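Colleague: Residue numbers (the working numbering): 2 to 234. Idealized CB from N, CA, C, for every residue including glycine. As the structure is a computational prediction, the values presented were derived from the model and not from experiment. Structure provided below as structure tokens; questions to follow.
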Ligand code: URA
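So, in structure tokens, the structure goes:
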């Protein structure tokens, strides 16, 4: 939309692969892809959850395996369950528009959910489900190694801000208070900035949320630009 395209794969945030030759970069991408595939198979075999009985597919994740921005949604909806891919329905269309507002496409980011299987009738995730599913999400984050973790809605925001601890989620405020406020976090040696965002589905039933989401996406773009400046210095 008249915005300059930000290509993360051309080094805006991507420090290590940028120093590598083309074949080393290909190996690096391939190794992330390989690790993600092993994790996907482990979820199929090891995740013990009643949701598996009522769903069609595991909804693992999609996007660039070396993305420097990772989005975390809540849980798959009906379309996602049928296709086995996150954010392919109405919320996904809104997310695509917001990405294009800041010059990004799905090829620049990676997207996964708190829950890997759809809860019946899109009900809210239970604490027990979050406990069972999120160890796999944490592994996914460690493979992707994002520099920015954008959390979509209350569940992913609370989980990440509670340091990936389900019990701690109840102490974290709601998204209407937290959205757009950037927080630095780390797991193991991986440091990243958390950008809490409203869930894009929220603007479908409350149109005023679109303005907040657009403002917060533009705020996220400013972190990308700051990191590019840091890299130049
Ligand atoms: N909403 C989510 O949180 N995740 C999806 O994959 C789709 C809709």
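Taking C-alpha atoms, which residue in 81, 223, 56 lies nearest to residue 112?
Modeller: 81
Colleague: Distance, Cα to Cα, residue 100 vs residue 145?
Modeller: 19 angstroms
Colleague: Return the Cβ separation of residue 215 and residue 102 in integer angstroms, given the expectation that the two are a contact with Cβ distance under 8 angstroms.
Modeller: 6 angstroms
Colleague: Check each candidate in 184, 159, 183 and name the one with the smallest Cα separation from residue 174.
Modeller: 159
Colleague: Spatial neighbours of residue 6 within its chain, please: C-beta separation below 6 angstroms, excluding the five flanking residues on both sides.
Modeller: Here residue 6 scores only 41 on pLDDT, less than 50, and its place in the model is too uncertain to base an answer on.
Colleague: For the structure I just gave you, are there three or more beta carbon pairs, one from the stretch 90-100 and one from the stretch 42-55, closer than 8 angstroms?
Modeller: no
Colleague: Note down the Cα distance separating residue 72 from residue 83, rounded to an integer number of angstroms.
Modeller: 21 angstroms
Colleague: So, using beta-carbon positions, are residue 51 and residue 119 closer together than 8 angstroms?
Modeller: no
Colleague: Apart from the five residues on each side of it in sequence, which residues of its chain come closer than 6 angstroms, Cβ to Cβ, to residue 16?
Modeller: Per-residue confidence for residue 16 stands at a pLDDT of 40, beneath the threshold of 50, marking its modelled position as unreliable; no derived number is given.
Colleague: Is residue 123 helix, strand or coil by DSSP?
Modeller: helix
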